[in-house]
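Residue numbers (our numbering): 11 to 203.
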């Protein structure tokens, strides 16, 4: 792809982000969640992509991941408005991100996979949360605190959701692969979702 094309596409993205922030972040999250599922299917050896499942993951990004991240980041910006950028501010935002939003996001993903993708019941979700949530959250703490610190110290506010979605590509792929291992009855080393 020519550098000019990338530059034009990036400019168009930034314009859409400015004029329609929630919609743009939702569509971006849909593309990334869909891509994470395709990646997980390929990595798990699927010869044929399950388009229905990929569409469900894209819908999760569109309906929940993108908008939720947008409003969470907006809340944090409003909560700390007027404070000068500092290491303390970055750490405070990161701490809130990891203790409030992170667990909620992981619960949402577990609920989505269990109820919609796997077609199980609420009782199954309750059991899964009891058995696996602590391990999922511990694995999250191996990835997300550093991503959060980088996000709040290096990334401009309008691009923070995009950055977190980028990190989320790898995280969602991990959760999907972990859930696949559990659904097949296999236990992959380090898998939790």
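Idealized CB from N, CA, C, for every residue including glycine. Note that the structure is predicted; figures quoted are calculated from it, not measured.
Please state if the CB of residue j and the CB of residue i are separated by a distance shorter than 8 Å.
i	j	result
residue 116	residue 153	no
residue 112	residue 150	yes
residue 100	residue 72	no
residue 187	residue 19	no
residue 126	residue 179	no
residue 189	residue 123	yes
Can you name the start and end residues of the alpha helix (DSSP H) that residue i belongs to?
i	result
residue 77	76 to 89
residue 21	13 to 29
residue 62	61 to 70
Between residue i and residue j, what straight-line distance do the alpha-carbon atoms span, to the nearest angstrom?
i	j	result
residue 61	residue 84	33 Å
residue 17	residue 137	48 Å
residue 166	residue 32	16 Å
residue 118	residue 94	33 Å
residue 86	residue 102	10 Å
residue 185	residue 57	20 Å
residue 110	residue 130	26 Å
residue 91	residue 181	29 Å
residue 25	residue 89	26 Å
residue 77	residue 55	32 Å
residue 59	residue 30	31 Å
Could you give the C-beta distance for residue i and residue j, rounded to a whole number, given that I count them as a contact under 8 Å?
i	j	result
residue 104	residue 159	5 Å
residue 75	residue 108	That pair is no contact at about 17 Å.
residue 183	residue 21	Residue 183 to residue 21, Cβ: 29 Å. No contact.
residue 177	residue 79	11 Å between Cβ atoms; not a contact.
Counting only runs that start and end within the region 87 to 157, where is the alpha helix (DSSP H) found for 4 or more residues in a row?
97 to 106, 112 to 121
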